[in-house]
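S.K.:
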Amino acid sequence: MSQPAGKAIADTTLIEHLPYDLDDGISRRASIGLIVLATDYTIEYEWRQVFTQLDGVALYQSRIHNDDLITPESLRAMESRIVESASVVTPDTPLDVIAYGCTSASIAIGETAVFANLKRAKPEAKYSTPITAAFAAFDAFKAQRIGVLTPYSAEVNKIVSDYIRARGYQVPVFGSFNLDRDTLVARITPQSIEAGVRELIKHAEVDAIFVSCTSVRLMAVCADLERNLGIPLTSSNHAMAWHTLRLAGIEDKLGQFGALYDLQLNRDAT
2 MSQPAGKAIA
12 DTTLIEHLPY
22 DLDDGISRRA
32 SIGLIVLATD
42 YTIEYEWRQV
52 FTQLDGVALY
62 QSRIHNDDLI
72 TPESLRAMES
82 RIVESASVVT
92 PDTPLDVIAY
102 GCTSASIAIG
112 ETAVFANLKR
122 AKPEAKYSTP
132 ITAAFAAFDA
142 FKAQRIGVLT
152 PYSAEVNKIV
162 SDYIRARGYQ
172 VPVFGSFNLD
182 RDTLVARITP
192 QSIEAGVREL
202 IKHAEVDAIF
212 VSCTSVRLMA
222 VCADLERNLG
232 IPLTSSNHAM
242 AWHTLRLAGI
252 EDKLGQFGAL
262 YDLQLNRDAT
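The numbering of the sequence shown is our numbering, which starts it at 2 and goes up by one.
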């Protein structure tokens, strides 16, 4: 025979209002939000390598629609979607930092516009983008002459190079794999990255190397590459994970990820 609606089953003991204690949760030290491109297969994988080393630092993500084909127009089209994507990251709880995970779009849209949209959704937070983080990394390295390696097409490379130069850095050498789809960029091997970096440093003396694009994998091999090449390296994911942690007041040294992770923000330059 079926039970009457709203009544407990006869052989079940129902215990309600059990006592409990509350702690500060998984974000007792910091709460960090990340907006990931719909076509990005890499950034979450790379950031997890860092964040799993840090007890009490929580990472919350959302995704933003974008086109797999990377052009200045498709990058700029994301600006109108930033607020919505940021708003669904822990909507009822403040964040310490929120980051927008696209290097070339942050340049095409402009950091100021990206930050304004993030602020509309998360006014309490501090903000980062991959290029903002890269500039902070260059300053932490005390680097002025930057070798840049990207996967982008020529028209995107131009806006990246111009943007870095406009901030006062020199770009004596710039290399590219000349791909225009994130799905391919995510499959570039670490060996190809090393070969690309080696080619750059054959052609010019630089203070540091920046590997641009959040779809590129560098995190796990950065420290080894630095030892092999004798030069500081960073990438979009590598720099932005470090930058968000430092903005959130997390000063732990994690040198296994490279020289940058033993450095603090240069507050005079930010």
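Where a beta carbon is used, it is the ideal one built from N, C-alpha and C, also for glycine.
Three or more beta-carbon pairs under 8 Å between the stretch 69 to 82 and the stretch 14 to 22, yes or no?
M.R.: no
S.K.: Is T40 helix, strand or coil when you go by DSSP?
M.R.: As a first step, residue 40 is located in the sequence shown; it is residue number 39 there, counting from the start. Three-state result, T40: coil.
S.K.: Report buried or exposed for K123, applying the criterion of at least 16 other Cβ atoms within 10 angstroms of its Cβ.
M.R.: To locate residue 123, count along the sequence shown from 1; it is residue 122. Counting the other Cβ atoms within 10 Å of the Cβ of K123 gives 16 or more, which makes it buried.
S.K.: For my contact list, S249 and D97 are in at a C-beta cut-off of 8 Å; report their separation, rounded to the angstrom.
M.R.: Start at 1 with the first residue of the sequence shown, and residue 249 comes out as number 248. Start at 1 with the first residue of the sequence shown, and residue 97 comes out as number 96. According to the sequence as given, residue 249 is Ala; it is not Ser. The Cβ separation is near 4 Å, so the contact holds.
S.K.: Does DSSP put F272 in a helix, a strand or coil?
M.R.: With the chain running from 2 to 271 in the structure shown, residue 272 is simply not present.
S.K.: Which two residues bound the contiguous alpha helix (DSSP H) that contains V98?
M.R.: In the sequence shown, the residue the question calls residue 98 occupies position 97. Element bounds for V98: not the alpha helix (DSSP H) but the beta strand (DSSP E), 98 to 102.
S.K.: Report yes or no: do the stretch 199 to 211 and the stretch 33 to 46 share at least 3 C-beta pairs separated by less than 8 Å?
M.R.: no
S.K.: Whole angstroms are fine: how far does the CA of R121 sit from the CA of R1?
M.R.: With the chain covering only 2 through 271, there is no way to say anything about residue 1.
S.K.: Could you work out which residue in S177, V172, V212, G256 is closest to C103 when comparing CA atoms only?
M.R.: Along the sequence shown, read from residue 1 onward, the residue named residue 103 stands at position 102. Out of S177, V172, V212, G256, V212 has the C-alpha closest to the C-alpha of C103.
S.K.: In terms of alpha-carbon separation, which member of A126, D41, G57 lies closest to S63?
M.R.: The residue given as residue 63 occupies position 62 in the sequence shown. In terms of Cα proximity to S63, the closest of A126, D41, G57 is D41.
S.K.: Any idea if E47 is buried or exposed, counting beta-carbon neighbours within 10 angstroms, 16 or more meaning buried?
M.R.: Here the question's residue 47 lines up with position 46 in the sequence shown. Answer is buried; the Cβ neighbour count reaches 16.
S.K.: List the DSSP bridge partners of G62.
M.R.: Within the sequence shown, numbered from 1, the residue matching residue 62 stands at position 61. Per the sequence shown, the amino acid found at residue 62 is Gln instead of Gly. Partner(s): L35.
S.K.: Spatial neighbours of L272 within its chain, please: C-beta separation below 6 Å, excluding the five flanking residues on both sides.
M.R.: Coverage of the chain is limited to positions 2 through 271, which leaves residue 272 absent and any answer about it impossible.
S.K.: Are there 16 or more other CB atoms within 10 angstroms of the CB of I27, so buried, or fewer, so exposed?
M.R.: What you label residue 27 is simply residue 26 of the sequence shown in a count that begins at 1. Per the 10 Å Cβ criterion, exposed.
S.K.: If you compare alpha carbons, which of A87, M241, R146 is closest to E125?
M.R.: Working through the sequence shown from its first residue, we reach residue 125 at position 124. With distances taken between Cα atoms, E125 lies closest to A87.
S.K.: In terms of DSSP beta bridges, what is S236 paired with?
M.R.: What you label residue 236 is simply residue 235 of the sequence shown in a count that begins at 1. Partner(s): V212.
S.K.: Output the distance between the C-alpha atoms of F175 and L55, rounded to the nearest integer angstrom.
M.R.: Locating residue 175 in the sequence shown gives position 174, where the first residue counts as 1. Locating residue 55 in the sequence shown gives position 54, where the first residue counts as 1. Roughly 34 Å separates the two Cα atoms.
S.K.: Examine chain B for any beta-carbon lying closer than 8 Å to the beta-carbon of G26, and answer yes or no.
M.R.: Among the protein chains of the structure shown there is no chain B, as only one such chain exists.
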